[in-house]
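Below is one structure, written out as structure tokens; the observations come after it.
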Amino acid sequence: MLGSADFGSAVVIADLEAGIGTLTRLGDEDVDVVLVVVEPTPNSLEVGARAAALARDKRAGRLIVVASRVRDDSDLASVRDVFGDAEIVVVPDDPAITGAEREGLAPLDVAPQAPAVRTLAELAQRLVPDGG
Amino acid sequence: MRVAVVGKGGSGKTTTSAVIARTLARRGLRVVALDCDTNPNLGISLGLGDEETERLAAMRDELDAGDAEHAPSWDELIDRFGSDGPDGVRLAVVSRIQNPEPG
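Read top to bottom, the protein sequences are chains A and B. The first sequence maps to residues 1 to 132 in our numbering. The second sequence maps to residues 1001 to 1103 in our numbering.
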């Protein structure tokens, strides 16, 4: 799949199917970065842990855990418990995101300054630094 | 640079994909966003709106219903069956042919 495609100089952001199905079918080195997105619930953390293990097995590039909907230290602790010393980006729980979803609008359009949106925009900068 | 975004449904995966894609596109980078989810709604989070998102999903369903011999290549999928979103992000909904079921 992704590995067979030539996207030229484009940055490709692949929103994979929910769960780990697509990830199991990725070939080695098909991607440069895997973002494992989790929220601090047992089910989500479990799927995330399996995804992270698979990404490591496949040497699928840089692994970054995106901890979303984090409300407090205990939420963050539950993520750290599972992912240990992995690179973790903490996205705060943010009503602006839920609001945008409800309206069927892009968070970046309706709430560009919302903390969660800014954190994700900063993550984009980290992935592809200016001049990179 | 290829970035895969993975997680349980409802975890914030699509929001993450959308904000990253548009932030990079705003810097003038060419960005291709691929919606590989069985319930494709990346278009909504990117800001293409309900109608266009549904149109892309319906087109994907039609491609999936066709026979594999006439399946589009990646280039075709993106050029012919994709859509330009805000900030110039090119969105394509990935068909079953590009994103095969296991087994």
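Each residue gets a CB set at the ideal place from its N, CA and C atoms; glycine is no exception. Note that the coordinates shown come from a computational prediction; the quantities given were computed from them, not determined experimentally.
- Secondary structure within the stretch 1036-1065 of chain B: the alpha helix (DSSP H) runs of 4 or more consecutive residues, fully enclosed, are 1042-1046 and 1049-1065 (chain order).
- Contacts between residue 107 of chain A and chain B, judged by CB atoms closer than 8 Å, involve 1015, 1018, 1019 and 1045 in chain order.
- By the beta-carbon neighbour count (other beta carbons within 10 angstroms, threshold 16), residue 1040 of chain B is buried.
- Using beta-carbon distances, residue 1004 of chain B counts as an interface residue toward chain A, with a partner under 8 Å.
- For residue 1033 of chain B, the chain A residues whose C-beta falls within less than 9 Å of its own C-beta are 12, 13, 14 and 15, listed in chain order.
- Of the candidates B:1086, B:1011 and B:1036, the residue whose Cα lies closest to the Cα of residue 1052 of chain B is B:1086.
- Ranking A:10, A:59, A:66 and A:27 by CA distance to the CA of residue 1090 of chain B puts A:10 first.
- When Cβ-Cβ separations below 8 Å define contact, residue 1011 of chain B makes contact with chain A.
- By the C-beta criterion, the stretch 29-47 of chain A is judged to be in contact with the stretch 79-88 of chain A, since at least 3 inter-stretch pairs fall below 8 Å.
- When secondary structure is reduced to three states using DSSP, residue 1085 of chain B falls in the coil class, being assigned neither helix nor strand.
- Pairing residue 1031 of chain B with residue 70 of chain A, the inter-Cα distance amounts to about 28 Å.
- Look at residue 1086 of chain B: its C-beta is under 8 Å from a C-beta on chain A.
- Scanning the stretch 32-87 of chain A from its first residue to its last, the whole alpha helix (DSSP H) runs of 4-plus residues come out as 42-57 and 73-83.
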